[in-house]
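A.B. asks: Every position in the sequence shown, counted from 1, becomes a number in this note's numbering once 131 is added. Structure below; questions to follow.
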Amino acid sequence: MRSVNKKVIAIALAGRWKGPEGEERRVERYRELVSLTRKIVHQAEGVLQEMQHLPGRRQAQLKRLREILETMAGRVRQVVRQTKARVFQGITKYPHKIVSLFEPHTEIIRKGKASKPNEFGNLVKVQEAENQIITHYEVFAERPEDSQLLVSAVEQHQRRFGRTPRMVAADTGFYSLKNEKTIQAMGVTRIAVPSRSTKSGERRKLQKTRWFRAGQRWRTGCEGRISVLKRRHGLHRCRYRGFEGMRRWVGLGVIADNIIQIGGCLALQRA
């Protein structure tokens, strides 16, 4: 650990140098770190080989530890390969990239804005109905395009309530002409999903109508529900391990928030 920490600090210091000389220093420090990491992996492989020569009873006792060591060694080898591709070859689109050894399901999430830092986790879709009640949520192992989620969201609403919603509101990432025609055919009468790139005067006029703007205001209010889930129910950071743990954590947060909202609605009805 001491040697690895020194290499990591050396990489950070090399990053302060500008120009070709700085890049050369940084690459060289990465080579040293990769070499050291390989030695650690070889030590782990040596331990695994020694465990194979232990008595059967002792091997059974160490089975769980051996599985953990094999898993971690495989993940570290994957990180070494993708580091070599990124740093030495300039390949940033590496298949099955790992960004966390302990939570390999984690993805890099970009908000599409230069001012927003990278986030690490998994995409969560939340559907909200009247009275700020969450009717459906989903945690995605791989981040889909937003435009792929609109039709399935309406279908989920239809299965749960036995009818399609009168209005659907979402941000511009969910828009596509195909999506709009599909959910209209399903029975949705008002679709408040803006198209920022449209050149149609008729479309621009539609997006300025009172009901469309009201739908977008309601959609903007839904952003507050996401903030509440993060602040009040801890969805900004998952405390459970693994992808299934993340699904459980999000589900518990949604249930807790719905209990509060439903309780508030019932209290107002009795007042």
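Every residue gets a Cβ at the ideal spot worked out from N, C-alpha and C, and that includes glycine.
(1) Select from E201, A284 and T320 the residue whose C-alpha is nearest the C-alpha of R297.
(2) For the pair the segment 369 to 387 and the segment 255 to 275, tell me if three or more CB-CB distances fall below 8 Å.
(3) Return the chain-ordered list of same chain residues with a C-beta closer than 8 Å to the C-beta of R217, the five sequence neighbours on each side being excluded.
(4) Taking only runs of the beta strand (DSSP E) that begin and end inside the segment 192 to 272, which ones reach a length of at least 3 residues, in chain order?
(5) Please list, in chain order, all residues of the same chain as A323 whose beta carbon is under 6 Å from its beta carbon, the five residues on each side excluded.
(6) From H288 to A402, what does the alpha carbon distance come to, in whole angstroms?
(7) Report yes if the C-beta distance between G305 and L281 is below 7 Å; otherwise report no.
(8) Would you kindly report the start and end of the unbroken alpha helix (DSSP H) that includes M449?
(9) Apart from the five residues just before and just after R157, which ones in its own chain have a Cβ nearer than 7 Å to its Cβ?
(10) Check A301 in the structure and name its three-state DSSP category.
(11) Specify, as a first and last residue, the run of the alpha helix (DSSP H) that R348 falls within.
(12) Please report how far the alpha carbon of L185 lies from the alpha carbon of E198, in whole angstroms.
(13) According to the neighbour-count rule (16 or more other Cβ atoms, all chains shown, within 10 Å of its Cβ), is I390 buried or exposed?
(14) Do V381 and V255 have their CB atoms nearer than 7 Å?
(15) For R291, does the three-state DSSP call read helix, strand or coil?
(16) With 7 Å set as the bound, which would you pick, yes or no: does the beta-carbon of V319 sit closer than that to a beta-carbon of chain B?
(17) Give the range of the beta strand (DSSP E) segment to which A323 is assigned.
(18) Classify P248: buried if its beta carbon has 16 or more other beta carbons within 10 angstroms, exposed otherwise.
(19) At the level of alpha carbons, what is the spacing between A204 and L360?
(20) For G382, which three-state DSSP category applies?
(21) According to DSSP, simplified to helix, strand and coil, what is C369?
(22) Checking 7 Å against the spacing of the C-beta atoms, do H364 and A387 come in under that value?
(23) Taking only the alpha-carbon atoms, compute the straight-line gap between T329 and V211 and give it to the nearest angstrom.
C.D. replies: In terms of the structure at hand:
(1) As a working note, residue 297 is residue 166 in the sequence shown. Considering only alpha carbons, the answer is T320.
(2) yes
(3) Taking the first residue of the sequence shown as 1, we reach residue 217 at position 86. Once the five neighbours on either side are set aside, the close Cβ partners of R217 are T223 and Y225.
(4) 238 to 240, 250 to 252, 255 to 259 and 265 to 270
(5) As a first step, residue 323 must be located in the sequence shown, where it is residue number 192. Excluding positions up to five away in sequence, the list reads A300, F343, G346 and Q347.
(6) Residue numbering aside, residue 288 sits at position 157 when the sequence shown is read from its first letter. Residue numbering aside, residue 402 sits at position 271 when the sequence shown is read from its first letter. If you take the alpha carbons of H288 and A402, they lie about 30 Å apart.
(7) The residue given as residue 305 occupies position 174 in the sequence shown. The residue given as residue 281 occupies position 150 in the sequence shown. Just to set this straight, residue 305 is Phe in the shown sequence, not Gly. Against a cut-off of 7 Å, the Cβ pair of L281 and F305 comes out as a contact.
(8) Nothing about residue 449 can be read from this structure; the chain reaches only from 132 to 402.
(9) On the sequence shown, position 26 is the one that residue 157 refers to. Same-chain partners within the cutoff: I142, A145 and G146.
(10) By one-based count along the sequence shown, residue 301 stands at place 170. A301 falls in the coil class under three-state DSSP.
(11) Numbered from its first residue, the sequence shown carries residue 348 at position 217. First-last of the alpha helix (DSSP H) with R348: R341 to H364.
(12) Along the sequence shown, one-based indexing puts residue 185 at 54. Along the sequence shown, one-based indexing puts residue 198 at 67. Rounded to the nearest angstrom, the two C-alpha atoms are 15 Å apart.
(13) Start at 1 with the first residue of the sequence shown, and residue 390 comes out as number 259. Flag for I390 reads exposed.
(14) What you label residue 381 is simply residue 250 of the sequence shown in a count that begins at 1. What you label residue 255 is simply residue 124 of the sequence shown in a count that begins at 1. Yes.
(15) Residue 291 sits at position 160 when you count from the first residue of the sequence shown. DSSP places R291 in helix when its eight states are reduced to three.
(16) The displayed structure is made up of one protein chain only, and chain B is not part of it.
(17) Taking the first residue of the sequence shown as position 1, residue 323 is located at position 192. Counting along the chain, the beta strand (DSSP E) containing A323 begins and ends at R321 to A323.
(18) Residue mapping note: residue 248 aligns to position 117 of the sequence shown, counting from 1. By the 10 Å Cβ count, P248 comes out exposed.
(19) The residue given as residue 204 occupies position 73 in the sequence shown. The residue given as residue 360 occupies position 229 in the sequence shown. Near 36 Å, if we compare the C-alpha coordinates of L360 and A204.
(20) Along the sequence shown, read from residue 1 onward, the residue named residue 382 stands at position 251. Residue state, collapsed to three classes: helix.
(21) Locating residue 369 in the sequence shown gives position 238, where the first residue counts as 1. The answer is coil: DSSP assigns C369 none of H, G, I, E or B.
(22) Looking up residue 364 in the sequence shown gives position 233. Looking up residue 387 in the sequence shown gives position 256. Closer than 7 Å, so yes.
(23) The count along the sequence shown starts at 1 and reaches residue 329 at position 198. The count along the sequence shown starts at 1 and reaches residue 211 at position 80. Near 45 Å, if we compare the C-alpha coordinates of V211 and T329.
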